[in-house]
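For the sequence shown, the positions run 13 to 310 when my numbering is used.
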Amino acid sequence: MLGYIWQYVYTSFLRYWLKWFIRQATGTCELQRICSGNKPGATRTSKAEYSLRSSKNKVLRGALEASKDQLEKCADQIMKEKNVKPQKDPLFKESLHICLLQITGNSSLYVSVENMRKEVFSSENQEHEAMLLKLWDLLMPTVKLDSRITKQWGDIGFQGDDPKTDFRGMGLLGLINLVFFSENYTEEARQVLSHANHPKLGYSYAIVGINLTEMAYSLLKSGELKPHFYNTVPGTPELRQFHQLYCYLAYEFDRFWVAEEPESIMQFNQYREKFHTIVKTNLQDPDVNLTLTACSKK
Numbered sequence: 013m014l015g016y017i018w019q020y021v022y023t024s025f026l027r028y029w030l031k032w033f034i035r036q037a038t039g040t041c042e043l044q045r046i047c048s049g050n051k052p053g054a055t056r057t058s059k060a061e062y063s064l065r066s067s068k069n070k071v072l073r074g075a076l077e078a079s080k081d082q083l084e085k086c087a088d089q090i091m092k093e094k095n096v097k098p099q100k101d102p103l104f105k106e107s108l109h110i111c112l113l114q115i116t117g118n119s120s121l122y123v124s125v126e127n128m129r130k131e132v133f134s135s136e137n138q139e140h141e142a143m144l145l146k147l148w149d150l151l152m153p154t155v156k157l158d159s160r161i162t163k164q165w166g167d168i169g170f171q172g173d174d175p176k177t178d179f180r181g182m183g184l185l186g187l188i189n190l191v192f193f194s195e196n197y198t199e200e201a202r203q204v205l206s207h208a209n210h211p212k213l214g215y216s217y218a219i220v221g222i223n224l225t226e227m228a229y230s231l232l233k234s235g236e237l238k239p240h241f242y243n244t245v246p247g248t249p250e251l252r253q254f255h256q257l258y259c260y261l262a263y264e265f266d267r268f269w270v271a272e273e274p275e276s277i278m279q280f281n282q283y284r285e286k287f288h289t290i291v292k293t294n295l296q297d298p299d300v301n302l303t304l305t306a307c308s309k310k
């Protein structure tokens, strides 16, 4: 209770006067101190985001909602509001612009991912069908499907004879992630599939992959992926970076599962949550970088 009271008092009153005092003493605004005092990455951008979000100035708060093509203008407006002279701090505008690209880019990335998740897999869509068959060819290059609807799909971890029913929760996003991993990290994907087909430690490769897509999606939605993207993307994160994050989760979950040696697939939810906790703990590290750097990366 005391913590909440202190937080309210600090954010509502003390923070303003503390910033004012330091501004008088140093001749620089809070954003200048953040940009000059921190290396590019999660620490700098997270502090800049907090500063902008906590500001009572509409121009500063409005920058968080601006589109990508408006951000340079937003940086100029912020400099004007804060009376920052370019000749006195020539690096500030560029640093601030990068922070704004990362902050607003994370929001736009979520919109793109959400739209992909909402797109329903359709057997009547030739592109969807081609993507599904491509997944099979990448993972099982020496085996031909007997037909489009077949029990063979179980060999790569789908539940039924027709995989389309397994994409209901994550939509097309689940399939795209599976294909991206198999296409860009082919050797690793086939290795993971071989582990998934182990007679004792096996699990449903595709179903678990879709489940991990849900994990990546929920981490993006909650904002917990921000430090990773702030550290790894020096600008606006794109869908490719989200798919690469999924690849990391797919590969690392397999390593985790094999190392843990669960007694049964019935314990999946228990180990899934344990892995989820590990990932969230790693994301609290200001230097976090959840990137799969494998030898077969294209």
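Backbone N, C-alpha and C fix where the C-beta goes; we use that ideal spot for every residue, glycine too.
Going by Cα to Cα distance, which pick from 289, 92 and 263 is closest to residue 303?
-> 263
Does the count of Cβ pairs from the stretch 167 to 186 and the stretch 121 to 135 closer than 8 Å reach three?
-> yes
Secondary structure, alpha helix (DSSP H): runs of 4+ residues fully inside the stretch 192 to 240 | Segments of the alpha helix (DSSP H) lying fully in the stretch 192 to 240: 198 to 208 and 217 to 234.
Beta-carbon spacing of residue 239, residue 58 below 8 Å = Result yes, Cβ atoms of residue 239 and residue 58 sit closer than 8 Å.
Is residue 186 helix, strand or coil by DSSP?
-> helix
Within the same chain, show all residues whose beta-carbon is closer than 6 Å to that of residue 55, passing over the 5 residues directly before and after it, in chain order.
-> 298
Taking residue 77 as part of the alpha helix (DSSP H), name the residues at either end of that continuous run.
-> Element bounds for residue 77: n/a, residue is neither H nor E.
From which residue to which residue does the alpha helix (DSSP H) around residue 165 run?
-> Judged by DSSP secondary structure, residue 165 falls outside any alpha helix (DSSP H); it is assigned neither H nor E.
For the putative contact between residue 185 and residue 128, defined by C-beta atoms under 8 Å, what is the C-beta separation to the nearest angstrom?
-> 4 Å
In terms of residue numbering, what span does the alpha helix (DSSP H) encompassing residue 291 cover?
-> Boundaries of the alpha helix (DSSP H) harbouring residue 291: 280 to 294, taken from the DSSP string.
What alpha helix (DSSP H) runs, 4 residues minimum, are completely inside the stretch 89 to 140?
-> 104 to 130
On the three-state DSSP scale, how would you describe residue 266?
-> helix
Under 8 Å, do residue 224 and residue 265 count as touching if we go by C-beta distance?
-> yes
Span of the alpha helix (DSSP H) around residue 339 | Nothing in the structure corresponds to residue 339, since the chain is present only between 13 and 310.
Proximity of residue 3 and residue 75 at Cβ, strictly below 8 Å = Residue 3 lies beyond the stretch modelled for the chain, which goes from 13 to 310, so this question has no answer here.
What is the DSSP secondary structure of residue 155, counted as helix, strand or coil?
-> coil
Would you mind reading off the limits of the alpha helix (DSSP H) that contains residue 64?
-> 54 to 66
How many Å lie between residue 79 and residue 116 at the Cα?
-> 7 Å
Nearest candidate by alpha-carbon position, reference residue 124, set 232, 291, 242 and 293 = 232
Under the three-state reduction of DSSP, which class applies to residue 243: helix, strand or coil?
-> The answer is helix: DSSP assigns residue 243 an H, G or I state.
Roughly how many angstroms lie between the CA atoms of residue 254 and residue 247, to the nearest whole one?
-> 14 Å
How big is the Cα-Cα spacing for residue 319 and residue 66?
-> The first residue shown for the chain is 13 and the last is 310, placing residue 319 beyond what the model contains.
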